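Numbering (our numbering), first residue to last: 6 to 535.
Right under this line is the structure:
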């Protein structure tokens, strides 16, 4: 190789040294996917922005202020979309320029090392080593990987000058993947999806790892067809792509603490889903396809804005745990009775006024909590819940507890506290709940405990704060649950003995009265005969 040729090769090396980092293959594919779906996502966000002020119009917000709010939302959405397109377009253009450079390198390689790469091949390999060392200086933590890459290139796998930009990019990619503390932008998320799909990843955890500007996920999410567990929680995601329905092997999906407003209709295609966490979002409804999630066993819908649950909920016959606390639910669908596998049902902090009679069909139900609703009474079918262990109807407007609650013989914990002026008595049959260990009747208007209370032999916690109990007296209540039970038992026994004595005295008094009348009649008769 002539000195002039060597100088030209050195010039090529210098130019390579000055290049910015080349995007990985997955990053380029991700950028292309982002650009492909950007328009559709922007239109969807704009439609949602238009709908929100319309809802507020019904709340009395001035029309002009709503117009300003609508335009501000639309402008913010367009600016974010512009930024995301800019990043994606930059990656695509960067790759296009690198491809031009690749072509130039190949041309130079054919000139310097014609044929089988003899002659100048050794010098070309030396140049490659220098290039790889440049990459090592950019990423010092990759020294070992750099050495391996240099060895591979030195074997002549590419021949010619041996500029293997893909190998160097792979090193850079590996380094970025090890940095778990850095939050990911949309392009990085899309790139991670591409690489995970190619590797056949089965578990992907992105909890709290997305920058705040990432409000939607690329359509390439549907490529994760081998994923069985996906955690996207604690981000600011507002919408899921329709392609999420392609994750047919997904069994666990965690989306809690995002900003989801709705779910795509394709969500119901996640036929293998067993655990679903949707708490702490902004969901106002569930798609009709939700009933197709027939494998679902655990569902958390708490801390959303749901006013109703769809009738299709009744199709979830394998559902064991349903948490719907802190919503705006006003009623439960009658089809809830078809969820016959339910073991735990939590409905605290809603606006429920009653429970459907179908609740009695949940024969496997063990936990039912209705804390802080507006319920006035329990359905008579409550007694059919023979496996019920915990019932909480505190902070409601309950006026009466049905007598047939005594048939829920497995009940261990019963909380009827803070129904205030509405609840004035416990059911007379409460003593039939022989398994009861905890009972809270605080802040009610109950004055007398029923006689059967003395049969609650397992009761260990009894709370009656701010309840005007007269029987038993407050002094006894302070002594503990079993003292209350013993007091009621002794009182009933004493009353029974006293009643027997009273009955006995009454009997003899009646006899004396009867015989006295007879003697009087006989005396009158003898006078008449004389």
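The C-beta atom is built at its ideal place from N, Cα and C for all residues, glycine as well. None of the values given here were measured: they were computed from a predicted structure.
- By the 16-neighbour rule on beta-carbons within 10 angstroms, residue 433 is exposed.
- Straight-line measurement puts the Cα of residue 211 at about 20 Å from the Cα of residue 29.
- Of the other Cβ atoms in all chains shown, fewer than 16 fall within 10 Å of the Cβ of residue 205; this residue is therefore exposed.
- About 7 Å separates the beta carbons of residue 302 and residue 280, which is inside the 8 Å limit, making them a contact pair.
- For residue 285, the number of other beta carbons within 10 angstroms of its own is at least 16, and it is reported as buried.
- For the pair residue 375 and residue 313, the Cα-to-Cα distance works out to about 16 Å.
- The Cβ atoms of residue 192 and residue 105 do not sit closer than 7 Å to each other.
- Here residue 422 is not near residue 457, since their CB atoms are 7 Å or more apart.
- Runs of beta strand (DSSP E) with 3 or more residues, each lying fully within the segment 386-420, are found at 395-397, 418-420, listed in chain order.
- Between residue 309 and residue 332, the CB-CB gap stays under 7 Å.
- Where residue 19 is concerned, the enclosing alpha helix (DSSP H) starts and stops at 8-22.
- In this chain, the beta strand (DSSP E) harbouring residue 304 covers 303-305.
- Contact between residue 245 and residue 268 holds: CB atoms are separated by about 7 Å, below the 8 Å threshold.
- The distance from the Cβ of residue 199 to that of residue 233 is about 19 Å, inconsistent with a contact at the 8 Å cut-off.
- Listed as beta-bridge partners of residue 374 by DSSP are 351, 397.
- Spanning the alpha carbons of residue 15 and residue 99 requires a straight line of approximately 23 Å.
- Residue pairing by DSSP places residue 208 opposite 234 in a beta bridge.
- Assigned with DSSP and collapsed to three states, residue 270 falls in helix.
- Exclusion of the five residues before and after residue 447 leaves 422, 423, 468, 469, 470, 471, 472 as the residues of its chain whose Cβ lies within less than 8 Å of its Cβ.
- DSSP lists 444 as the beta-bridge partner residues of residue 467.
- For residue 453, the secondary structure class from DSSP, reduced to helix, strand or coil, is strand.
- The beta carbons of residue 449 and residue 474 sit no closer together than 7 Å.
- DSSP places residue 366 outside any beta strand (DSSP E), giving it a letter other than H or E.
- The beta carbon of residue 300 lies closer than 7 Å to those of 276, 277, 278, 279, 323 in the same chain, with the five residues before and after it left out.
- Collapsing the DSSP output to three states places residue 115 in a helix.
- For the pair residue 335 and residue 386, the Cα-to-Cα distance works out to about 20 Å.
- In the structure shown, residue 258 falls within a strand segment according to DSSP collapsed to helix, strand and coil.
- The secondary-structure analysis by DSSP pairs residue 485 with nothing; it has no beta-bridge partner.
- A distance below 6 Å between beta-carbons, with the five flanking residues on each side excluded, links residue 348 to the following residues of its chain, in chain order: 325, 369, 371.
- Taking the CA atoms as reference points, residue 344 sits about 15 Å from residue 360.
- In terms of Cβ geometry, residue 490 and residue 464 form a close pair [threshold 7 Å].
- Counting along the chain, the unbroken beta strand (DSSP E) around residue 280 starts and ends at 280-282.
- Taking the Cα of residue 409 as reference, the smallest distance to any Cα among 395, 383, 420 is reached at 383.
- Here residue 40 carries a helix assignment [DSSP, helix/strand/coil].
- The DSSP-derived three-state label of residue 79 is helix.
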